[in-house]
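Keeping their order, the protein sequence lines are chains P and L. Those letters in the first sequence? Residues 0 to 332, by numbering that gives the first Met the number 0. Those letters in the second sequence? Residues 0 to 332, by numbering that gives the first Met the number 0. Ideal Cβ positions, reconstructed from N, Cα and C, are used throughout, including at glycine. If you're wondering where the values come from, they're calculated on a predicted model, not measured in any experiment. See below for the structure under consideration.
Protein chains: 2
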Amino acid sequence: MNIYDVSEKAGVSIATVSRVLNGNPNVSEQTKNKVLAVMEELGYTPNIFARGLGLNTMKTIGIMCTDSSDIYLANAVYYTEHELRSHDYDSILCCTGYDLENKKKSLELLLSKRVDAIIMVGSKFLEPKLEDNAYIIAASTQLPIMLVNGFLEGENIFCTLCDDFHAIYGVTDKLIKSGRHSLLYLYTSNSYSGARKREGYLAALSHNSMPVREQYMQMCKKDIKDARDTIIRLHRDGMQIDSVITSDDSLAVGALKFALLNQMSVPEDICIVGYNNSILATCAEPELTSIDTKVEALCVNTVNTLMRIFDGYDVPSRTMISADIVYRKTTNI
Amino acid sequence: MNIYDVSEKAGVSIATVSRVLNGNPNVSEQTKNKVLAVMEELGYTPNIFARGLGLNTMKTIGIMCTDSSDIYLANAVYYTEHELRSHDYDSILCCTGYDLENKKKSLELLLSKRVDAIIMVGSKFLEPKLEDNAYIIAASTQLPIMLVNGFLEGENIFCTLCDDFHAIYGVTDKLIKSGRHSLLYLYTSNSYSGARKREGYLAALSHNSMPVREQYMQMCKKDIKDARDTIIRLHRDGMQIDSVITSDDSLAVGALKFALLNQMSVPEDICIVGYNNSILATCAEPELTSIDTKVEALCVNTVNTLMRIFDGYDVPSRTMISADIVYRKTTNI
DNA sequence: GCGGCGGTTGTAAGCGCTTACACATCTAAG
DNA sequence: CTTAGATGTGTAAGCGCTTACAACCGCCGC
C-alpha cells in the first residue's frame, strides 16, 4: 500500500498525490477531493521513513530525562510531551540515568534517530563531560538543545529556568524574620538548580547578618529515610535546628518523620519547607509548605521557544520563571 | 556524509559498508576494520530513514500511556522504556489522556510512525470503543499489542497482568479473620484491573459468609482529599467502618486523614490498606500497609514477551504475576 | 492566429540504505 | 589438473516519498 496504489486508483500521478499529502495549493479542488477519497477508502498511511528520507526531518524531538520515575521529572516529561504533541511534534523518550556513559549513548542514539532538537530534563549540567557533549552536539549539528531548568552557555543551547534562587531566598528570609536562627538546608545534588537554591539560602543568611555554618548545609539522598536519618544524626550530635529548608519534598517528609520521632511539634518547634510542591506535600501530615516550581510553565515555555526557533525567530537563550511559595501547615510565616 | 563517502574513502563498495554496518559475517576481518576505521574518522552516522525505508522497521515501540504524570504509570513507563532500551529498541511515548478521541489519534500517530509494536499502559480496557480500536489494529496490521495490566482478547493482543484478585482477596480475608467486619472498599475506576480487585473483595466477603453491602463499595477520584471527603460523608451518615481497603495509595492516605480528623487510632480503630506500594505508602504517617504490584516485573515481562514474539516464538497471550502484601503500620494482621 | 501566462498535472531524478544475485578468488577433494 | 564449494566483494534494483522541471490546457490580449 503506497503512493502508487493511491495514484493509480485515483487516476492521477504520484506527484499529485504527494501534493495533496503535503497540502500543496497547486492542486485543483476536484482532484484533491478525489485523491482524499481514495486515500480514505484504501486506508492509506504515508510511510514516514520515505518521507523522512526526502525531507530529512521527522518532526520528532528527543527528550533526555535522567529518571522519569521521579515524581518531578515524570511531570516534566508529561507536560513536555503534551505540549510537543499540541504542536504536532512527537517525542522519543530516553531515560539516561545518572551515568555519564549512558547519557552519551542516549545522546548518540537520539542523534542517529535524526531528531529535530533535544530537550534535556533533569540533567545536572555541572558535570564537565556532559557539558562537553552538549557543546559538541550544539557545535557539530545545528540541533537546538533545550534545557529544562538547567543552564549551559552555547551557540544552540536554550534554557528555561525556574527562579530557584529567589524561591529559597524568600522562604529563608521569612523564616529568619519570624525569629528562626538555626536553619538547616538539606539538599540532594549539586546540579545547576541545586547551586542556585544554595545561593538563595546563603544570600538570605547574609542579608540578615547571620553567620554561615557549613554543617547547616547537608547533602543526602533523595529519599525520605535518608533525610530523616541525616537529621537524626545531626540532632544527636547536638545540633540546634528550628527550621529545615529542603530541595525536595521527600527530604521535607524525612524532616517531618524526624520531628515526629522527637516529639517536636510542627511548626512551633520546627518549621519545615519542601520543594516542588509534589503530591508528597499534601500527603504529609501536617501538609507541607512547599515551593511550586511551575513545571508546566517551564515545559510549555521550553517547547514554545523551540517552536519559535524552528520558525526562524530570534529567541532569548535564557528565560526565567518565578516560583511560588505555597503556605501550608509546616510553617507559621 | 553518506555510505558512498565511506565506501569511496575505504576503497570498497557500498554493499560492503552496509554489511559492516549490519554485522553481516560475510566480510573479511581486514576489510571490516578498514571500514570501521573510516567510519570513525569521518564520524559517519547511518541515516535512520533510509535504513527504515529498506528494512521497514525502525526498532521503535510505541508506548501509549493515559497519564505519565501518575506515580504508578510513570514507573511503568520508566521500566518499560528501560527494558526496551536494553533490547536495543527505542520508544515513542504518547500520553493519551483518558479521552477516547485522543487515544484514537495517538494510535493512528503511532501507526503512521511505523512502530513495531504498541505497549499500552494504564488504559482501562473496558471502554467498548477502545476495544474496537485495538481489535482494528490487531486485525489490520500484524502489530503486536501489549497490554500492561489490562486485558483484551484478540489475535495479536498479549497481556501481562498483576494478580489483583488474589492481592485484594488476601488482605480482605486476613482483615476479616482478624475480626474486622465493616470493611469499606474504596476504588477509583472501572478498569479491568479495577474489576478484578472488586471481585477479590467480594470473594473474600463471600468465603467468610459475610453480607455484601453495596454502600461499602465506594468510588471516588484518585485524589487524597476526595477520598477523605468521601469517607467523612459516609461516616457522618452513620456508617460503621473498621477497615478501608483501597485501589490506590492516594485513597489510603485520604482514609488516614479521615482517621486523624476523627481521632481514630490506626490500626486499632481502623485498618487501612493502600495499593501500588508507591512512595506515598512510606510518606504517610503511620506508614501504609500496601500491595506491591510488581510494576517492574510486569514491564520486564511485557517487553520480554514482545522480544520473543519478534523472534518468532509462540508466547502465551496472557501472563499473570502475583502481587505481594507489604505489611506496615496501618494494619495489625 | 499567435505568444504568453496562470493553473494544473506528469515525469523522472534523487534521498541513503539493504540485499538478491552475480562474479571473482581460493581451497580442498576427486 | 579439474571442479565443487566456500568465501569475499561488487552491481544494481528497489524501498516510498519529494520536488525541480517539463508539459499541457484554456484563455487572454494583441
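- Taking L92/P as reference, the option from H86/P, H81/P, E100/P with the minimal CA-CA separation is H81/P.
- With contacts defined by Cβ atoms closer than 8 angstroms, A166/L and I324/L form a contacting pair.
- Looking only at I60/L, G193/L, Y186/L, the smallest Cα-Cα distance to G253/L is reached by Y186/L.
- Taking the CA atoms as reference points, S105/L sits about 42 angstroms from L255/P.
- In the structure shown, M306/L falls within a helical segment according to DSSP collapsed to helix, strand and coil.
- With fewer than 16 other Cβ atoms from the protein chains shown falling within 10 Å of its own Cβ, L54/L counts as exposed.
- A contact is defined here as three or more CB-CB pairs under 8 angstroms, and the stretch 107-117 of chain P fails this definition with respect to the stretch 271-290 of chain P.
- Beyond the five residues adjoining it in sequence on each side, H180/L comes within less than 8 angstroms, by CB distance, of M209, D241 in the same chain, given in chain order.
- Apart from the 5 residues on each side of it in sequence, L305/P sits with its Cβ closer than 8 angstroms to the Cβ of I60, A116, I118, P143, M145, F157 in its chain, given in chain order.
- Within the stretch 76-95 of chain L, V76, Y77, E80, H81, D89, S90, I91, L92, C94 place their CB atoms closer than 7 angstroms to a CB of chain P, listed in sequence order.
- For N74/L, the C-beta contacts it makes with chain P under 8 angstroms involve S68, in order along the chain.
- Here the alpha carbon of R327/L sits roughly 11 angstroms from the alpha carbon of I290/L.
- Listed along chain P, the residues sitting closer than 7 angstroms to A283/L by beta-carbon distance are C282.
- For A251/L, no beta strand (DSSP E) encloses it; the enclosing alpha helix (DSSP H) starts and ends at 248-260.
- Annotated three-state conformation of G199/P is helix, per DSSP.
- Per DSSP, the unbroken alpha helix (DSSP H) holding V19/P starts and ends at 13-20.
- In this structure, the alpha-carbon of P45/L lies about 7 angstroms from that of N1/L.
- Counted as a single uninterrupted DSSP element, the beta strand (DSSP E) harbouring I60/L occupies residues 59-64.
- Between L250/L and chain P, the shortest Cβ-Cβ separation is not below 8 angstroms.
- The beta carbon of Y215/P is closer than 7 angstroms to those of L182, L183, Y184 in its chain, skipping five residues each way along the sequence.
- A residue is called buried when at least 16 other Cβ atoms come within 10 angstroms of its Cβ; R50/P meets this threshold and is buried.
- Distance from S122/P to T65/P at the Cβ level is roughly 6 angstroms; contact confirmed, criterion being Cβ atoms closer than 8 angstroms.
- For C270/L, the closest of S277/L, I278/L, F257/L by C-alpha to C-alpha distance is F257/L.
- A straight line joining the alpha-carbon of D228/P with that of L260/P spans about 11 angstroms.
- In the structure shown, the three-state DSSP call for I156/L is strand.
- If you draw a 10 Å sphere on the C-beta of L41/L, you find fewer than 16 other C-beta atoms in it, and that means exposed.
- Apart from sequence neighbours up to five positions away, the residues of its chain that approach I308/P with a beta-carbon distance below 8 angstroms are A116, P143, F157, V314, ordered along the chain.
- Collapsing the DSSP output to three states places M209/P in coil.
- Annotation: the continuous beta strand (DSSP E) that includes R317/L extends over 317-320.
- Taking the CA atoms as reference points, P24/P sits about 57 angstroms from T245/L.
- Assignment of G51/P by DSSP, reduced to helix, strand and coil, places it in the helix class.
- In its chain, beyond the 5 residues on either side, N207 have a beta carbon closer than 6 angstroms to the beta carbon of I175/P.
- Per DSSP, the beta bridge partners of S242/P are L182/P, C270/P.
- Annotation for L109/P: G61, M63, I91, C93, I117 place their beta carbon closer than 8 angstroms to its own, counting only its chain and skipping 5 residues before and after.
- DSSP links A116/P through a beta bridge to I60/P.
- In the DSSP assignment, V170/L falls within the alpha helix (DSSP H) that extends over 163-176.
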